[in-house]
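K.L.:
In the working numbering, the protein residues as written are 2 to 525.
#1: Can you check which of these residues, 218, 162, 225, 110, is closest to residue 268 by C-alpha distance?
#2: Determine whether the beta carbon atoms of residue 213 and residue 223 lie at a separation below 8 Å.
#3: Over the uninterrupted alpha helix (DSSP H) stretch that includes residue 416, give me the two end residues.
#4: Can you confirm whether the stretch 254-272 touches the stretch 223-236 when touching is taken to mean that 3 or more C-beta pairs between the two stretches lie within less than 8 Å?
#5: Can you tell me whether residue 315 is helix, strand or coil according to DSSP?
#6: Report the rounded CA-to-CA distance for residue 247 versus residue 148, giving the unit in angstroms.
#7: Taking 8 Å as the cut-off, decide whether the C-beta atoms of residue 401 and residue 512 are in contact.
#8: Please report the straight-line C-alpha distance between residue 54 and residue 494, rounded to a whole angstrom.
#9: How would you call residue 413, buried or exposed, if buried means at least 16 neighbouring beta carbons within 10 angstroms?
#10: For residue 458, which three-state DSSP category applies?
#11: Express the C-alpha separation of residue 398 and residue 41 in angstroms, rounding to a whole number.
#12: Let me confirm a value: residue 23 is counted as buried when at least 16 other C-beta atoms fall within 10 Å, else exposed. Which label applies?
#13: At the level of alpha carbons, what is the spacing between residue 237 and residue 174?
#14: Quick test of the definition: if touching needs 3 or more C-beta pairs under 8 Å, does the stretch 446-455 touch the stretch 423-430?
#15: Return the CA-CA distance between residue 243 and residue 185, expressed in angstroms with no decimal places.
#16: In chain order, what residues of the same chain lie with their CB nearer than 6 Å to the CB of residue 38, ignoring the 5 residues before and after it?
#17: Whose CA, out of 141, 43, 484, lies closest to the CA of residue 292?
#18: Report back the beta-carbon spacing between residue 403 and residue 419 to the nearest angstrom; my notes put them in contact at under 8 Å.
#19: Hey, residue 434 and residue 481 are a contact pair by Cβ (cut 8 Å); roughly how many whole angstroms apart?
#20: Quick check: what's the CA-CA separation for residue 34 versus residue 57?
#21: With residue 100 and residue 335 assumed to form a contact (beta carbons below 8 Å), what rounded beta-carbon distance in angstroms separates them?
#22: Can residue 392 and residue 410 be called in contact, C-beta distance under 8 Å?
#23: With the cut-off set at 8 Å, would you say residue 150 and residue 286 are in Cβ contact?
#24: Pick helix, strand or coil for residue 600, following the three-state DSSP scheme.
#25: Taking the straight line between their C-alpha atoms, what separation do you get for residue 47 and residue 405?
#26: Taking residue 515 as part of the alpha helix (DSSP H), name the residues at either end of that continuous run.
#27: Grab the span of the alpha helix (DSSP H) containing residue 504 for me, first residue to last.
#28: Tell whether a beta-carbon distance below 8 Å holds between residue 477 and residue 483.
#29: In angstroms with no decimal places, state the Cα-to-Cα distance between residue 198 and residue 208.
#30: Considering Cα atoms alone, identify which of 305, 522, 514 is closest to residue 465.
#31: Please name the residue in 159, 470, 105, 461 whose C-alpha comes closest to that of residue 446.
#32: Less than 6 Å between C-beta atoms, sequence neighbours within five positions excluded: which residues of the same chain meet that for residue 160?
#33: Which value, in whole angstroms, describes the spacing of the CA atoms of residue 234 and residue 171?
#34: Need the endpoints of the alpha helix (DSSP H) that residue 470 sits in, please.
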């Protein structure tokens, strides 16, 4: 409520209760003027009035300042909420239509890819059959090449044999020519022998005649001459027989020589034919080798093509699977967008309600600010330390009556304010994680110091404090663990937790041991 000066009958009268200066000061306070008096009030009542002025003036002045700051923050919050509502009203129907069109196109592409898969499978099957046919032809050509090479080899051997036969025939012909010449010479010798035999017979005849003329004295010579004549006759007969046989041999040699010449001619012709066959077989072997090589290359090429077609078929199958997956994912996106459209409406309604509540809060703040406009405060008393712009401002109201613990609590406030500032400025969780770890490390040390202090002075609430410390550190550790695991952590819950911790634990638990130490007269 506010106090205003009034001359009505309801205005209390202090004329007889206080001296004039003190009464004037009370009237000044009633009018809402908490500025310092022009002269010090030296009476006991004046000192009490001055103390009331200072306390009320400080409270009203600082409250007025905080109300202005609260209204400023409410205005910012109102604007942010308004911006959020504007953002929430974004129409996502175009996104939804685009997603549906994308799904339809992906479905069409998936159907086309399925047809391509069928065609590629047919190509792969035909290529496989062609591969089998080429393999069969290649095997046959390989066998033909081997046969041609064997024919060429055997023909070459035959050519070598016929060449050797020609040489041997020519050599035999030469030998038979020498034999024919020798037979001629033998015939001449037999002629000579015949002549000698005839002459011997003639001499034997002459000797017989001479022996007959000699009578008995030539009888023995006549016997010898008769025997010589007989030998000559036998020699002549034998020579005639030899000559006859030699003539037969000469005839056979002549006939054989003619045959040998004919054979030599035929073998020479055969040799020429075999040489021609060998050349043709060699060309055939080269040709079949070339065909085999070409077929080998074609087989490799077709094999490579078959492999590529198979790989292409696998790739198309994989693409088809990916397209099917994309269609499914797009469908899920559409479902998500449809759900988001509904949630967006709900969020818009909630944001609008929040904006209305914030507007109400801002209006109530303005009402309070208007009430404080009637008060005139002492600037020295209304001073508020606004150097800390975070969520919490550490001041006397947070004291636990232990100076060292207050200093450590101030550091905890600084860590909490830094976390709040990063959240307010949209920092990433990994950036906030570093501060959370520092807070956990420092708080662990702080709790250890607190527990030592409580144990040293036999504080009865030590067990309760330890339990609370364990629970608080466990919650902080859980948040750190979740962020490190890549989970999304609701930072609003973190801020709420930190606020409840500072207000509930420090003012609810820690203040108790400070009061206990004071009551026990323990100086810490």
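Beta carbons: idealized from backbone N, C-alpha and C, even for Gly.
P.N.:
Taking the coordinates as given:
#1: Checked all of 218, 162, 225, 110; the closest Cα to residue 268 is 162.
#2: Yes, Cβ-Cβ distance for residue 213 and residue 223 is below 8 Å.
#3: Going by DSSP, residue 416 is part of the alpha helix (DSSP H) stretching over 404-425.
#4: Not touching, per the Cβ criterion.
#5: Secondary structure at residue 315: helix, using DSSP grouped into helix, strand and coil.
#6: Cα to Cα, the separation comes out at about 53 Å.
#7: In this structure, residue 512 lies closer than 8 Å to residue 401 by Cβ.
#8: Approximately 42 Å between the Cα atoms of the pair.
#9: Of the other Cβ atoms in all chains shown, 16 or more fall within 10 Å of the Cβ of residue 413; this residue is therefore buried.
#10: Residue 458 carries a coil assignment under DSSP once its states are collapsed to helix, strand and coil.
#11: Rounded to whole angstroms, the separation of the alpha carbons of residue 398 and residue 41 is 30 Å.
#12: It counts as buried.
#13: Distance between the alpha carbons of residue 237 and residue 174: 33 Å.
#14: Contact between the stretch 446-455 and the stretch 423-430 is absent, because fewer than three Cβ pairs lie under 8 Å.
#15: In a straight line, the C-alpha of residue 243 is about 13 Å away from that of residue 185.
#16: Excluding positions up to five away in sequence, the list reads 26.
#17: It is 141.
#18: For residue 403 against residue 419, the beta-carbon gap comes to about 24 Å, at or over 8 Å, which does not count as contact.
#19: Taking a contact as a CB-CB distance under 8 Å, the pair residue 434 and residue 481 counts as one, their CB atoms being some 7 Å apart.
#20: Straight-line Cα distance between these residues: approximately 10 Å.
#21: Contact between residue 100 and residue 335 holds: their C-beta atoms lie close to 5 Å from each other, under 8 Å.
#22: Result no, Cβ atoms of residue 392 and residue 410 do not sit closer than 8 Å.
#23: Cβ distance < 8 Å, so residue 150 and residue 286 count as in contact.
#24: Residue 600 is absent from the model: the chain starts at 2 and stops at 525.
#25: Residue 47 and residue 405: Cα-Cα distance of roughly 38 Å.
#26: Per DSSP, residue 515 belongs to the alpha helix (DSSP H) from 512-520.
#27: Here residue 504 belongs to no alpha helix (DSSP H), and DSSP marks it neither H nor E.
#28: The criterion of a C-beta distance shorter than 8 Å is not satisfied by residue 477 and residue 483.
#29: Approximately 15 Å between the Cα atoms of the pair.
#30: With distances taken between Cα atoms, residue 465 lies closest to 514.
#31: By alpha-carbon distance to residue 446, the top candidate from 159, 470, 105, 461 is 470.
#32: If we look at residue 160 and ignore the five residues flanking it on each side, its Cβ neighbours are 275, 276, 279.
#33: Looking at the two C-alpha atoms, the distance is approximately 43 Å.
#34: From DSSP, the alpha helix (DSSP H) with residue 470 extends over 463-485.
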